[in-house]
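As structure tokens, the structure follows; a few thoughts come after it.
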Amino acid sequence: MTVTYSSKVANATFFGFHRLLLRWKGSIYKLLYREFIVFATLYTAISVLYRFFLTGRQKRLFEKLSIYCDKYAEQIPVTFVLGFYVTLVVNRWWNQFVNLPWPDRLMLLISSCVQGRDEYGRLLRRTLMRYVNLTSLLIFRSVSTAVYKRFPTMDHVVGAGFMTKYERKLFDDLKSPHLKYWVPFVWFGNLASKARKEGRIRDSVDLQTLMNEMNKFRSWCSLLFGYDWVGIPLVYTQVVTLAVYTFFFACLIGRQFLDTDQGYQGHDLDLYIPIFTLLQFFFYAGWLKVAEQLINPFGEDDDDFETNWCIDRNLQVSLLAVDEMHMNLPKMEKDIYWN
Amino acid sequence: MTVTYSSKVANATFFGFHRLLLRWKGSIYKLLYREFIVFATLYTAISVLYRFFLTGRQKRLFEKLSIYCDKYAEQIPVTFVLGFYVTLVVNRWWNQFVNLPWPDRLMLLISSCVQGRDEYGRLLRRTLMRYVNLTSLLIFRSVSTAVYKRFPTMDHVVGAGFMTKYERKLFDDLKSPHLKYWVPFVWFGNLASKARKEGRIRDSVDLQTLMNEMNKFRSWCSLLFGYDWVGIPLVYTQVVTLAVYTFFFACLIGRQFLDTDQGYQGHDLDLYIPIFTLLQFFFYAGWLKVAEQLINPFGEDDDDFETNWCIDRNLQVSLLAVDEMHMNLPKMEKDIYWN
Amino acid sequence: MTVTYSSKVANATFFGFHRLLLRWKGSIYKLLYREFIVFATLYTAISVLYRFFLTGRQKRLFEKLSIYCDKYAEQIPVTFVLGFYVTLVVNRWWNQFVNLPWPDRLMLLISSCVQGRDEYGRLLRRTLMRYVNLTSLLIFRSVSTAVYKRFPTMDHVVGAGFMTKYERKLFDDLKSPHLKYWVPFVWFGNLASKARKEGRIRDSVDLQTLMNEMNKFRSWCSLLFGYDWVGIPLVYTQVVTLAVYTFFFACLIGRQFLDTDQGYQGHDLDLYIPIFTLLQFFFYAGWLKVAEQLINPFGEDDDDFETNWCIDRNLQVSLLAVDEMHMNLPKMEKDIYWN
Amino acid sequence: MTVTYSSKVANATFFGFHRLLLRWKGSIYKLLYREFIVFATLYTAISVLYRFFLTGRQKRLFEKLSIYCDKYAEQIPVTFVLGFYVTLVVNRWWNQFVNLPWPDRLMLLISSCVQGRDEYGRLLRRTLMRYVNLTSLLIFRSVSTAVYKRFPTMDHVVGAGFMTKYERKLFDDLKSPHLKYWVPFVWFGNLASKARKEGRIRDSVDLQTLMNEMNKFRSWCSLLFGYDWVGIPLVYTQVVTLAVYTFFFACLIGRQFLDTDQGYQGHDLDLYIPIFTLLQFFFYAGWLKVAEQLINPFGEDDDDFETNWCIDRNLQVSLLAVDEMHMNLPKMEKDIYWN
Amino acid sequence: MTVTYSSKVANATFFGFHRLLLRWKGSIYKLLYREFIVFATLYTAISVLYRFFLTGRQKRLFEKLSIYCDKYAEQIPVTFVLGFYVTLVVNRWWNQFVNLPWPDRLMLLISSCVQGRDEYGRLLRRTLMRYVNLTSLLIFRSVSTAVYKRFPTMDHVVGAGFMTKYERKLFDDLKSPHLKYWVPFVWFGNLASKARKEGRIRDSVDLQTLMNEMNKFRSWCSLLFGYDWVGIPLVYTQVVTLAVYTFFFACLIGRQFLDTDQGYQGHDLDLYIPIFTLLQFFFYAGWLKVAEQLINPFGEDDDDFETNWCIDRNLQVSLLAVDEMHMNLPKMEKDIYWN
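As structure tokens, then:
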């Protein structure tokens, strides 16, 4: 479930963000504690090895190695690579959110433009609406792990009421080696055209408004599919991951506290716990986790989009709007500011 | 209230921005003085401790610690992390502003396309307009602390004249586990469709222009809701906050003036007041405050959007435009450039 | 007036940009010479003080202070803060330019869709056009210092022929505590609707095209107003200004040429004139000036938008297009490529 | 074929991205192993030369050269230049993907708005659809190496059924020195207009919706063509490539392990294998490869768009939608939530 | 002419970009060789002066100056300033390309919506199309040096067949102190409106589609004009140029090889040719040249847009499409996939 904290930061207050540091759900700690334990354990192991098991000559060698690693750790441009990469990932993630297909615009139009409170009218509106929901479900099945788990086969789709048995047969009969998520839209268009002929949709203006809206919906669907299909090039992700992992590998050795008696520059204090290196681990690994969480927002992370909830909400709300609420208007009354 | 200073910077003048440095309202000083006092106090406390209470050996140890902290403070990439993060926050903030739902476009259309100066016509236009305002109010209640405080329950909404009692009943009767801010739009669509049948809206072209405009309004509303619902991932905010806080923590110790007699490099001057560190505190903490202020622009900060004012303005102006001003045209006269 | 130099840089030539360095109007020199004199004077004063008035011990102290300042001057992240900030300001500035309300689209539509070469037809087209120009004038008065100076009261607006006396009366009679720049648009919509009824606008398709165009125009107006109303948060501007000013303050002391006999590292040359520091002053202060010029492009800077010119041009051109040119077509002839 | 890995990163897990590091297809290793071998070989050759073949004096000289190179290697701003450049390339690449011309929107409209299940109606719909597919094929031939290989001449286009012989003759007869990919669109427009006259398209509203959609499709085509025609300026690409190559050239000499006995600063350890330099090679060369892959996404790289697949899919799917599926609606049934 | 190299980089291959380094046309070498010669000559002159003409004391002074310059050269933030500036220039350049006014969309509409194969119909379509081309020519004359050279006066415009003599007279008779590129659009609108009355354009839906498309075309024109009129503020360009020039000036002195016997740090090797400084010259000066080339893409650089070609192509193609091709349809045949 998306982690919402905006109400917590409505006002900028005294050390305002510090409260955010104390949350667990969706937090950097929850995401990173396992990696942190691994990192800390390795660091400790190397430290113990250096302090208690190495001979004098080995220690001197290790110290040189440590200084060498430290020098290069600083040259790895983790900050920039991460900065540019995370910006890219965050933009894609937000665009995916903005292009989630909501049927609200269509349901408002169908509710007001498809006439008739009789059974045929109701059937017409509900069917049109169902086709819209069906398409978004088919797309969600392709892009979201969570939705795919819930609807592993077309039987589940039929079972959940998004498709009738007859529709499924027709759907399966269409011979095409390609994805068929566009099929319900062809039905939608043809059904709307039929309703126009039967006078249920008054004229071409009404019809074309509906068709345009449907095409908008289709564009959202296909854009969502596109984001899933063509991701950030693997090479880019690998470059960034390599850079971060290399940095931490270099830190494991390079940030050890060396024997203060040897007089190495910058090594005249032994704190045992490398507090700043551990904090750096949190920044950089945390930043990478931001990318990891957002690169596919249709999984089951704390911060991923709640697609299953969307599907349910959209079906329930849209059937309500086009059927029960059709021409079920509140009586008009004068408002309190009348004259 | 939004802090407007653009008229102060209309012309680029001699040291033009310096006047901005002397403002209090919405200023960095007002936002940061408490944090600044805490930081300065802690710095002083540590300084006093070091200068007067530590023994010689403790002093030597502290000095080493201070140099160690100073070295790492410089390695924390506060600038970049903040740069990328603040850019993200500012973009989101501006998009939220641009997507504030203003009913002006709809009111112009309703005023010119919904016919009839009789009572029924007036009622029709006012009711349509009221539904629009009602939706934006329902959305604002969800996203803005200030608006929620003013309208804590639906009773307040009814009391303020945005909804009639009858509408509220119908609204409450709709069974849905989901948010119902879209309900007034279904009413709007159906009412417009009814007005079309009754000839109050002349034809489908007029009707569909209205419907399209309404759908635009709905998109603003839902985008606003989306910005509130799906914020910047908590992890990102935590990473940035951690980086800044760590930096200042390192500064508290690392930027102390050490005993000049010890001959540490770069420590041959004791100014008592770490003027540049304090200024750095203002830059970085100020930059973070920018993010903190803008991350939720619907609070009650000096720089937040005045949503309550918007709600009042929109209702007043839109009822004025669709009712009193409907077909109340100034007499056409020849302008002074005629021929 | 906007400083146009694009024709000077049409081709990339030998040291192509150097010619730009020699311009005065709108140049960095014109904008910065006063600040530069102040900076150079202060630098000289400190230099003279150090060289001739301080005693030996004071000199030693000053030298330590200078080295201390120099060290921290380098730590101030002026480049990044400025880079991110100026990018933000430039984007806003360009968006404001792109959203300047030009009536051309509307005038083309009015000229071709509002029928009748008789006096009533002319009056209709001119009045519609005048309403459009009036709105943009009302907006410009709010956002532009230059326009406000030219039209300090509504009397000036009436006097310049943008509004008739009768319209002004109606305008003033409208009771609203809020800005009323939208009023002429309500008139526009209602007048167009009236023209539709009288057959001067042929059908709803023509009418709605006009209305849509008008709503586009209105959006530009309100966006312009929004940019003025909700500026870049004051805190951000203050952070940047503080950073730059602090940097220069640190430079004043830290970039002094110290006694070469004292053997301070990097201080074995006395050039008297700190040529690179002065150039740095030009970069950074110049960059900040870019922001200062663009943050409100409606002032009277060399590079600001010529709003008063726009207003005149728009009125003259649009009345010409809708009146004199209406159905005043050149005779159709075969072009020279016929067959 | 595009390398899709989003399902692998649906959830942020323990060291989540590490699995991505172990892939071969589309990976940094596959792209870089040849360059890496060259780089490592050169490094080894120089190392062997230095260690075994140079005389003492030559060694001293080489050491100075190495230190000199190392110093300047660090000054080359590879990170930034690459960061800005790759951001530009990635944005262009994604825009190209988003503007791939999909005929789905048009096929939905044609299927619902062009009437008649008789042969003439079928022919009309299929021909209109074929023109759309033909245009995108003509464009793809211009921009994609892979498509050009498959359709080297217009004969292949005719042979694959995108064009009839008669159409080709008419196409060839048109005298124009310019590209003629727009020709099928003129046919499309005129054919639709003819269908309108014959009543196969009901009215102008239906027709204009079709025409608008076609113009949208045309814009995608021409934008794609534009991206191919006007690439990132060659100079920019050369600057970036030069910077990266220079950096690696400097590293070849500057990152050699020098004789530890000579006591050069930072050279008191001889690891033989310059592990961090090799990793840096992977970051920077990998980052440049990202640009190289994406700068023309219509080639035959692992990560390029599958244009040939698109062409087949579009033809098959669109003919299916406008012909077989036209007015072939599933029987309407009550859904399971009815009442 | 635009330098197209995308086909050269279709596939990412072994050291893929190196082939680009060997091109001359539009390359960094062609653009920079003159500046490079100047830079190298100056460097050599200073070097010779230092090595052969200075006395011992002068040499010592020069060496101090050189070290001083080198130190500050590194502090000049050329990379960032260039990075942010070039990003801005590249974005503007691309937007200008995307907004080049192509008449294709209009010609498709005119060809299908303006009826009649008789002479009057042909004249109507050709005249409408000519007005469109005329406007874009008028705009191009304002923004492009190359076009202005080809059409220095309105006589040339008439002579090239874009305007008839009668039209020119009417054009000149219009009294307006402002640019008149919008005039042909008023004619276009009025002529289309006339055609509507005469039944050549069937109804308002067809007419308004045309008008909307024309307004889109007009927006491209005016945006292009806007980019030319309001450039990047001169101050910004000056700041960047100053920074780069200062850097190279500092390098001329600071990157000299100093007497190795004097034992200055980092100066124990004399290579005579400052290879890395020369390469740096190529990066930074090349990056600035990118900006110089793109800041006005309507000149005659290798990489500028071929506006004269566009003008010819647009006229030829659009007259072809609206006249010869009007209702000149290929016979419909069954395609090879029929059933």
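Residue numbers (the numbering used here), protein chains in the order written: chain A, 1 to 339; chain B, 1001 to 1339; chain C, 2001 to 2339; chain D, 3001 to 3339; chain E, 4001 to 4339.
Glycine included, C-beta positions come from ideal geometry on N, C-alpha and C.
Quiz item: Excluding five sequence neighbours on each side, which residues of the same chain lie with their C-beta closer than 8 Å to the C-beta of D/L3189?
Solution: According to the sequence provided, residue 3189 of chain D is Gly. The question's Leu does not apply to it. Contacts found: M3211 and M3214.
- Message: Strictly under 8 Å for the Cβ-Cβ distance: is A/R105 near chain B by that measure?
- Response: The beta carbon of A/R105 falls within 8 Å of a beta carbon belonging to chain B, placing the residue at that interface.
Item to check | Per-residue DSSP class, three states only, for A/I201 | outcome: Three-state DSSP puts A/I201 in a strand.
task: Measuring alpha carbon to alpha carbon, tell me which of D/V3158, D/L3191 and D/I3275 ends up nearest D/A3040.
output: Per the Cα distances, D/I3275.
| task | Classify E/V4114 as helix, strand or coil using the three-state DSSP reduction. | result | If DSSP states are grouped into helix, strand and coil, E/V4114 belongs with the strands.
Check your understanding: When burial is assigned at 16 or more other CB atoms within 10 Å of the CB, is B/L1031 buried or exposed?
Key -> B/L1031 should be labelled buried.
What runs of the alpha helix (DSSP H), each 4 residues or longer, lie entirely inside the region 56–124 of chain A? With a minimum length of 4 residues, the continuous alpha helix (DSSP H) runs that stay inside the region 56–124 of chain A are 56–75, 78–98 and 104–113.
| task | Report the rounded CA-to-CA distance for D/E3074 versus B/D1070, giving the unit in angstroms. | result | Looking at the two C-alpha atoms, the distance is approximately 23 Å.
### Task
With DSSP collapsed to three states, give me the class of B/P1184.
B/P1184 falls in the helix class under three-state DSSP.
Is it the case that the Cβ atoms of A/D345 and A/K25 are separated by a distance below 8 Å?
For chain A, the structure presents residues 1 to 339; residue 345 of chain A sits outside this window and is missing.
Using a Cβ-Cβ distance cut-off of 8 Å, determine whether D/G3189 contacts chain E.
Chain E contact via Cβ: present.
message = Quick check on DSSP: helix, strand or coil for A/G26?
response = DSSP places A/G26 in coil when its eight states are reduced to three.
Taking 8 Å as the cut-off, decide whether the C-beta atoms of B/L1082 and B/W1220 are in contact.
-> No, the pair does not count as a contact, with Cβ atoms beyond the cut-off.
Note down, in chain order, each residue of its chain lying with its Cβ closer than 6 Å to the Cβ of C/L2179, except the 5 sequence neighbours on either side. In its own chain, leaving out the 5 sequence neighbours on each side, no residue places its CB closer than 6 Å to the CB of C/L2179.
- Does the beta carbon of D/H3178 come closer than 8 Å to any beta carbon on chain E? Taking Cβ atoms only, chain E reaches closer than 8 Å to D/H3178, which makes this a yes.
In angstroms, rounded to a whole number, what distance separates the CA positions of B/M1001 and B/E1300?
-> The predicted model places B/M1001 with a pLDDT of 46, which falls under 50 and marks its position as unreliable; any figure quoted below should be read in that light. The alpha-carbon atoms of B/M1001 and B/E1300 are separated by roughly 8 Å.
Note to self: Would A/T145 and A/L191 qualify as a contact pair, given that the criterion is a beta-carbon distance under 8 Å?
What the structure shows: Result no, Cβ atoms of A/T145 and A/L191 do not sit closer than 8 Å.
Margin query: At the level of alpha carbons, what is the spacing between E/L4137 and B/L1242?
Written below: The straight-line gap from Cα to Cα measures roughly 58 Å.
**Request:** Can you tell me the Cβ-Cβ gap for D/V3290 and A/V239, rounded? I've got them flagged as a contact below 8 Å.
**Result:** With 8 Å as the limit, D/V3290 and A/V239 qualify as a contact, their Cβ atoms being about 7 Å apart.
- Message: With a threshold of 8 Å between beta-carbons, can E/V4317 be considered close to chain C, or not?
- Response: False, the Cβ-Cβ gap to chain C never drops below 8 Å.
Helix, strand or coil: which one does DSSP assign to D/M3163? Coil, per DSSP.
Inter-residue spacing [alpha-carbon to alpha-carbon] between E/R4092 and E/L4134: Roughly 25 Å separates the two Cα atoms.
| query | In chain D, what lies closer than 7 Å to E/Q4293 by C-beta? | reply | Residues of chain D passing the Cβ test: P3233 and V3235.
Exercise for review: Give a yes or no on whether the minimum CB-CB distance between A/V90 and chain B is below 8 Å.
Suggested key: Chain B, which has a Cβ nearer than 8 Å to the Cβ of A/V90, makes this yes.
Give me the chain C residues within the contact set of E/E4167, using Cβ-Cβ distance strictly less than 7 Å, ordered along the chain. What E/E4167 touches in chain C: P2330.
Within 10 angstroms of the Cβ of D/D3261, are there 16 or more other Cβ atoms? Answer buried if so, exposed if not.
Classification for D/D3261: exposed.
Notebook entry, point to check: What's the C-alpha gap between E/L4123 and E/N4308?
Noted result: Those two C-alpha atoms are separated by around 25 Å.
Cutting at 7 Å between CB atoms, please list the residues of its own chain near D/F3062, excluding the five before and the five after it.
In its chain, beyond the 5 residues on either side, Y3050 and L3054 have a beta carbon closer than 7 Å to the beta carbon of D/F3062.
Practice prompt. Could you tell me whether any Cβ in chain C is nearer than 8 Å to the Cβ of B/G1266?
Written response: Yes, B/G1266 counts as interfacial toward chain C.
Report task. Let me know the alpha helix (DSSP H) ranges lying completely inside the region 1206–1243 of chain B, each 4 residues or longer, listed in chain order. Result -> Entirely contained in the region 1206–1243 of chain B, not one alpha helix (DSSP H) run reaches 4 residues.
What three-state label does DSSP hand D/W3287 in the structure shown?
In this structure, D/W3287 counts as helix in the three-state DSSP scheme.
*asked:* At the 8 Å Cβ level, is E/P4077 part of the contact set with chain C, yes or no?
replied: Yes, E/P4077 lies at the interface with chain C (some Cβ there is under 8 Å from its Cβ).
- Message: Pop quiz: E/F4217 and E/P4101 are said to be a contact at Cβ under 8 Å. What is the actual Cβ separation, rounded to whole angstroms?
- Response: In this structure, E/F4217 and E/P4101 form a Cβ contact; the two beta carbons are roughly 6 Å apart against a cut-off of 8 Å.
- Query: Cβ of C/S2111 within 8 Å of Cβ of C/M2325?
  - Reply: Result yes, Cβ atoms of C/S2111 and C/M2325 sit closer than 8 Å.
In terms of residues, what are the limits of the alpha helix (DSSP H) holding C/D2312?
Taken as a continuous stretch (DSSP letters only), the alpha helix (DSSP H) holding C/D2312 covers T2307 to L2319.
So with CB distances below 8 Å, who are the chain B contacts of A/H326?
Per Cβ cutoff of 8 Å: N1190.
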